[in-house]
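Before any comments, here is the structure.
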Amino acid sequence: MHENLTGPCWHLYILRTPTGLLYTGITTDVARRVAQHQAGKGAKALRGKGELTLVFQCLAGNRSSASKLEYQVKQLSKSQKERLVRDQPQSLSECFR
1 MHENLTGPCW
11 HLYILRTPTG
21 LLYTGITTDV
31 ARRVAQHQAG
41 KGAKALRGKG
51 ELTLVFQCLA
61 GNRSSASKLE
71 YQVKQLSKSQ
81 KERLVRDQPQ
91 SLSECFR
């Protein structure tokens with residue numbers, strides 16, 4: 001887990017289900033959160049969906065910034081999210097100008 005002067009750094013992540021569903025979330029520890037989802041302890045939307053694949057992750061700053069970024073990504077269409085996964089941009093700020 002990364003830390004900065006104001007606390008832990010948050011990450012935005014995207015998981016893919018076997019059926020192609022993309023799930024977006026935020027966390028301070030991506031590996032722990034993915035393991036929770038795999039164990040059925042995460043979001044109800046992912047329970048029973050099968051093996052999950054981490055397809056994208058990036059630093060998102062503090063919790064407030066991460067929540068705002070998560071909202072923006074969740075507003076994207078599936079094709080826009082697929083482009084994000086494909087291109088793996090260094091910074092998401094370029095995607096939301």
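Each residue of the sequence shown is one higher than the last, beginning at 1 in full-length UniProt numbering. Beta carbons are placed, not taken as given, at the ideal position from N, Cα and C, and that holds for glycine. All figures in this text were calculated on a predicted structure; none of them were measured in a lab.
Rounded C-alpha distance that separates R16 from R86: 13 Å
Start-to-end residues for the beta strand (DSSP E) that takes in R16: W10 to R16
Proximity winner among P89, C9 and L21, relative to G50 (alpha-carbon distances): L21
Cβ pair count under 8 Å reaching 3, the stretch 6-14 against the stretch 57-75: yes
Q38 versus T53, L92, T27 and Q75, residue with shortest Cα-Cα distance: T53
As assigned by DSSP and simplified to three states, the class of A43: coil
Buried or exposed by the 16-neighbour rule on C-beta atoms within 10 Å, applied to T27: buried
Nearest candidate by alpha-carbon position, reference P8, set Q72, Q80, V30 and S77: Comparing alpha carbon positions, the residue from Q72, Q80, V30 and S77 closest to P8 is V30.
Delimiting residues of the alpha helix (DSSP H) encompassing L69: R63 to K74
Assigned exposure category for A66 - 16 Cβ within 10 Å defines buried: So A66 counts as buried.
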